[in-house]
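Novice:
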Amino acid sequence: MKCQKCEKPATFHITDLIDGKPNELHLCEECAHSFLAPASEASEVMPAMAGLLAQQLAVGETAEELARLDQRTCPVCGITFLEFRKQGRLGCPHDYTYFVKELEPLLMNIHGETHHVGKVPQHCAKDAEQQTQLIRLRREMKEAVAAEEYERASKLRDKIRGIEEKRKQK
Amino acid sequence: MSINFEQLTQASGEWLRGTGPESDIVISSRIRLARNLADFPFIARATESDRSEIERLLMEQFGELQRSEQLAADLLHVDVAGLEDIDRLFLVERQLISRELADSQGSRAVVIDQHEQFSVMINEEDHLRIQVMHSGLDLAEAWKQIDRLDNLIEQRVTYAYSDKLGYLTACPTNVGTGVRMSVMLHLPALVITRQIEKVFRSLQKINLAVRGLYGEGSQAMGDFYQISNQVTLGMGEEELLKKVGDVVPVLLDYERQARDFLLRESQETLHDRVSRAYGILRNAQTISSEETMHLLSSVRMGVNLGLINDVKIPTVNKLFIHTQPAHLQKITGMELDSSDGNIERASYLRRHLGSDGMRSEQN
């Protein structure tokens, strides 16, 4: 079978949910990668940030430690530390908690401070769990769809809708 | 309300009005806030469905704010993804959207105030980039306006925020207040007297950033420079406002001293430089955008110093923007390659600066 987007052989068979209906896609490795990757992954690297990170990480970190660090993955949005290092942009609010040890010296370097002073929103999410719940569930749903586990995906979708409804009423 | 480029083309935007305190040197005061919704991943990890959901949700909130008369009814809602390239470029030239928003992919939008005092970009580097622009030196008023706008939006959505780190942003360089306060200055005399580098170095030492007309990485076209805060964490908004605000009088003083020096020590040379620039702009048959910016800068200073008396600052300010590629094409209604563009630009300048036909006094 040929890839639907180019002439190469299709090695990836993906089921995408469009408005709740499964849609079959047959793609080669390259096209599958760009299809599955988040929309802006290819966005430009911020050289200043990347440079600053590299500089900071070089201090006191062996290649081995660095490789291990790069593999760390945020449980909420799924970004690896390596991806953050490359693009200079974080993946979700929880990254500030999950990568706190790595980010603190960086924040110190950029701002000379690690604590916020100034405006506070009138209302905030009640707790950290509430802040990250929807992001995590949406990602799990996407993964369930990719793994063709439709039952799990539809349960997750209902759960997400339930939370969204509750938020609207508040 | 859908976008009406004709109307936008006719207008010239709040920040080009050429009024407000110190407006001979301070072109505009601009503040932007970076905000994210707590319930969605940041843009780097957002899928297209996240992006379109963010856009839909935020646009709905703007609609509600307009219906409840908390915001003006005539805001423009622009689907940036659906625009032609030239229209995106037009909005960049006008400083209503960033280059990043214009060039990225996927669902993205902007809400524009008809007076062009504020715009809100959706799905740029952060979910929300709110910006307010005022003519002249007016940071305090701009802050009041953006603070109110931020509160209106925040009543309806939950922002990503932590007690320790403040407003959480996609890039750690913006975390905390998420605010960038900037003033755009016209500093031709500091450039001519070769003092500009020295000034920049001292600004960097006190943690202020210097950028060109179009922000990050852009060349300082037409001797325009944006000075803004570098730090966003650990300093409150009022403090940041003061930090940027305090340095402006010093820079104004330097620029005015440099102008006085030029007038005193080499009035003929300066007058000649200004007059030649004016002469070229009034008579050229083909001219690039870069050369136009460069010459307009001399003319602008000449008008401020009373060396040119038959053209007004708002007209010069307007020409800076209206002679840029996308604006020129919108105004003439023609698709122009760069050599046709250069011919049209020269003809537009002749029409507006005098030697050819009617002189425009509109702003």
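Chains G and C, in that order, give the protein sequences. Numbering of the first sequence is given in numbering that gives the first Met the number 0, commencing with residue 0 and proceeding in unit increments. Numbering of the second sequence is given in numbering that gives the first Met the number 0, commencing with residue 0 and proceeding in unit increments. We put the beta carbon where it would ideally sit given N, CA and C, even for glycine.
Would you say Asp-125/C and Ala-169/C are within 8 Å of each other, going by their C-beta atoms?
Specialist: Closer than 8 Å, so yes.
Novice: Rounding to the nearest angstrom, what Cα-Cα distance links Arg-98/C and Met-220/C in this structure?
Specialist: Spanning the two alpha carbons is a distance of roughly 16 Å.
Novice: If the cut-off is 9 Å on Cβ atoms, which residues from the stretch 138-163 of chain C count as contacting chain G, listed in chain order?
Specialist: Listed by position, the residues of the stretch 138-163 of chain C near chain G (Cβ gap below 9 Å) are Asp-146, Asp-149, Asn-150, Glu-153, Gln-154, Thr-157, Tyr-158, Ala-159, Tyr-160, Ser-161, Asp-162 and Lys-163.
Novice: For the stretch 63-78 of chain G, which residues have a beta carbon sitting closer than 9 Å to at least one beta carbon of chain C?
Specialist: Cβ contacts with chain C: Cys-73, Val-75, Cys-76, Gly-77 and Ile-78.
Novice: Glu-124/C CB to nearest chain G CB: under 8 Å?
Specialist: Answer yes: the Cβ-Cβ gap between Glu-124/C and chain G drops below 8 Å somewhere.
Novice: Under a three-way DSSP split, which group does Arg-50/C fall into?
Specialist: Note: Arg-50/C maps to helix in three-state DSSP.
Novice: To the nearest angstrom, how far is it from the Cα of Ser-287/C to the Cα of Met-107/G?
Specialist: Rounded to whole angstroms, Ser-287/C to Met-107/G spans 44 Å at the Cα level.
Novice: When you compare the CB positions of Ala-108/C and Glu-59/C, do they come within less than 8 Å of one another, or not?
Specialist: Not closer than 8 Å, so no.
Novice: Which one of Ser-22/C, Leu-232/C and Thr-314/C has the shortest CA to CA distance from Lys-163/C?
Specialist: The residue with the shortest Cα to Cα distance from Lys-163/C is Leu-232/C.
Novice: Determine, using beta carbons only, whether Gly-111/G and Val-230/C come nearer to each other than 8 Å.
Specialist: Taking 8 Å as the Cβ cut-off, Gly-111/G and Val-230/C qualify as a contacting pair.
Novice: Give me the DSSP bridge partner(s) of Met-180/C.
Specialist: For Met-180/C, which the question treats as bridged, DSSP gives the partners Ile-30/C.
Novice: Does chain G have any CB closer than 8 Å to the CB of Ala-257/C?
Specialist: Closer than 8 Å: no.
Novice: Between the Cα of Gly-177/C and those of Glu-236/C, Leu-202/C, Leu-250/C and Asn-122/C, spot the shortest distance and give me the residue it belongs to.
Specialist: Among Glu-236/C, Leu-202/C, Leu-250/C and Asn-122/C, the Cα nearest to that of Gly-177/C is on Glu-236/C.
Novice: Please classify Asn-341/C as buried or exposed, where buried requires at least 16 neighbouring CB atoms within 10 angstroms.
Specialist: By the neighbour-count rule (16 or more Cβ atoms within 10 Å), Asn-341/C is buried.
Novice: Would Ile-191/C and Leu-261/C be called neighbours here (beta carbons separated by less than 8 Å)?
Specialist: For Ile-191/C and Leu-261/C, yes; Cβs fall inside 8 Å.
Novice: What residues in its chain sit with their C-beta under 7 Å from that of Gln-69/C, if we drop five residues either side in the sequence?
Specialist: Leu-151, listed in sequence order.
Novice: Measuring CA to CA, which of Asp-309/C, Ala-188/C, Ala-345/C and Leu-100/C is closest to Ile-279/C?
Specialist: Nearest C-alpha to Ile-279/C: Ala-345/C.
Novice: Looking at the C-beta of Glu-23/G, does it have a partner C-beta in chain C at a distance below 8 Å?
Specialist: Closer than 8 Å: no.
Novice: Between Glu-92/C and the rest of its own chain, which residues show a CB-CB distance below 7 Å, the 5 nearest in sequence each way excluded?
Specialist: Closer than 7 Å at the Cβ level, and outside the excluded window around Glu-92/C, lie Ile-320, Gln-323, Ala-325 and His-326.
Novice: Please list, in chain order, all residues of the same chain as Arg-179/C whose beta carbon is under 6 Å from its beta carbon, the five residues on each side excluded.
Specialist: Correct list, in chain order: Arg-31 and Ser-227.
Novice: Give a yes or no on contact between the stretch 126-146 of chain C and the stretch 23-43 of chain C, applying the rule of three or more CB pairs nearer than 8 Å.
Specialist: Enough Cβ pairs lie closer than 8 Å, so yes.
Novice: On the three-pair Cβ rule with 8 Å, is the stretch 285-302 of chain C touching the stretch 5-16 of chain C?
Specialist: Output reads no: the stretch 5-16 of chain C does not touch the stretch 285-302 of chain C.
Novice: Taking C-beta pairs closer than 7 Å, name the residues in chain C that Lys-118/G reaches, listed in chain order.
Specialist: Within chain C, the residues near Lys-118/G are Thr-176 and Glu-236.
Novice: I'd like to know whether the C-beta of Ser-39/G is nearer than 8 Å to at least one C-beta of chain C.
Specialist: The predicted model places Ser-39/G with a pLDDT of 37, which falls under 50 and marks its position as unreliable; any figure quoted below should be read in that light. Yes, because at least one Cβ of chain C sits closer than 8 Å to the Cβ of Ser-39/G.
Novice: Since I believe Asp-309/C is in contact with Gly-353/C (beta carbons under 8 Å), could you give me their beta-carbon distance rounded to a whole number of angstroms?
Specialist: With 8 Å as the limit, Gly-353/C and Asp-309/C qualify as a contact, their Cβ atoms being about 7 Å apart.
Novice: How far does the beta strand (DSSP E) with Val-315/C in it reach, from first residue to last?
Specialist: Element bounds for Val-315/C: not the beta strand (DSSP E) but the alpha helix (DSSP H), 312-321.
Novice: Considering only residues of the same chain and omitting the five flanking positions on each side of Gln-266/C, which have a CB-CB separation below 6 Å?
Specialist: So the list is empty, once near-sequence residues are dropped.
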